[in-house]
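Each remark here refers to the structure printed beneath this line.
2 protein chains.
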Amino acid sequence: MAKQMTEMLKGTLEGIVLATIARQPAYGYEITARLRDEGFADIVEGTVYALLVRIEQRGLVDVTKVPSEKGPPRKVYSLNSAGSDYLDEFWRSWNFLAERIEQLHHYREGE
Amino acid sequence: MAKQMTEMLKGTLEGIVLATIARQPAYGYEITARLRDEGFADIVEGTVYALLVRIEQRGLVDVTKVPSEKGPPRKVYSLNSAGSDYLDEFWRSWNFLAERIEQLHHYREGE
DNA sequence: TACCGGTAGATAGCAACACTGAATAGCGCG
DNA sequence: CGCGCTATTCAGTGTTGCTATCTACCGGTA
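Heads up: the sequence lines are chains A and B, in that order. Residue numbering for the first sequence follows my numbering, starting at 1 and increasing by one per position. Residue numbering for the second sequence follows my numbering, starting at 1001 and increasing by one per position.
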């Protein structure tokens, strides 16, 4: 993966995952697959699992164990109200940053 | 600073600074001031200087020492062609990421 | 039985990067 | 001379994504 992308994902991947499970609760393996479908082809499972552990420990998500037909039980994550607040905060930060960066993008010709 | 913002700046601050000096060559102290003016109120000098050292070592910028009327000589950074290529790459990564994230943003209501 | 591939999760170690906090240095002014 | 402003540097810290590997459960097949 482009190094640029790797670094950009730091701090945004968390929001991306939270937004993903906000749309629809999901388990780790599934989340990775969804991200891949959405274009993040190089996202690695290990990365997602580690992230999920973090947001669980911070109390942003609720976890339910659901037996799977194939393989070990799934840990299904769903956004709780703390997570929802945190996600709102994420969007505020994102909007702020995206705005300034788009400005820089359009300034390409002089001031 | 909000932790979200701190993490989001990883990987983007570098592009922001490169884009800034692409518009107009500048020295560290000045860049910090510009960023502050543009809304990044909490950016710390130490952060910017460390970043400038990195991009200089990677050969993305040319450096000229310019005597200052007040204080030690300024190190004026300007984007060279390698930096310009790198900045293009940054914009590609940024556009990709921003596109997916905006999509998630608008999906707020079901699929 | 024994093995393999796909599903599902966990973990240790690493590198990159922004932040904190402080130190250093040059200059003008009272 | 000491103070404040300009300007740069640096050591140490914490977070985060990646690499690589390991465990575990299941169905199919030889």
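Where is the CB? At the ideal position from N, CA and C, for every residue including glycine.
- At the C-beta level, A1019 (chain B) and L1097 (chain B) stay beyond 8 angstroms of one another.
- Look at A1002 (chain B): its C-beta is under 8 angstroms from a C-beta on chain A.
- The Cβ atoms of L1079 (chain B) and A1022 (chain B) sit closer than 8 angstroms to each other.
- A check of alpha carbon separations from G1083 (chain B) across B:P1072, B:P1067, B:I1043, B:V1063 identifies B:V1063 as the nearest.
- With a cutoff of 8 angstroms on beta-carbon distance, Y1077 (chain B) and A1002 (chain B) are scored as not near each other.
- Contact of G1011 (chain B) with chain A by beta-carbon distance below 9 angstroms involves K3, Q4, M5, T6, E7, M8, L9, K10, G11, T12.
- Taken through DSSP and simplified to helix, strand or coil, K1010 (chain B) comes out as coil.
- T1020 (chain B) reaches chain A at L104, counting residues in chain order whose Cβ is nearer than 8 angstroms.
- Its chain contains V1063, Y1077 as the residues whose beta carbon lies nearer than 8 angstroms to that of E1056 (chain B), once the 5 sequence neighbours on both sides are disregarded; these appear in chain order.
- The three-state reading of DSSP puts R1058 (chain B) in coil, since its state is none of H, G, I, E or B.
- The beta-carbon distance between G1039 (chain B) and F1090 (chain B), rounded to whole angstroms, is 19 angstroms. This is too long to meet the 8 angstroms contact definition.
- In this structure, DSSP gives K75 (chain A) an extended state, which the three-state scheme calls strand.
- Residue-level contact by beta carbon fails for S78 (chain A) and chain B, as no gap is shorter than 8 angstroms.
- Taking all protein chains in view, the Cβ of G1071 (chain B) is surrounded by fewer than 16 other Cβ atoms within 10 Å, so the residue is classified as exposed.
- Secondary structure note for G39 (chain A): it is in no alpha helix (DSSP H), with a DSSP letter that is neither H nor E.
- Here Q103 (chain A) is exposed, its C-beta having fewer than 16 other C-beta atoms within 10 Å.
- Taking all protein chains shown into account, S93 (chain A) has 16 or more neighbouring C-beta atoms within 10 Å of its C-beta and is therefore buried.
- Annotated as distal: G28 (chain A) and K65 (chain A), with beta-carbon spacing of 8 angstroms or more.
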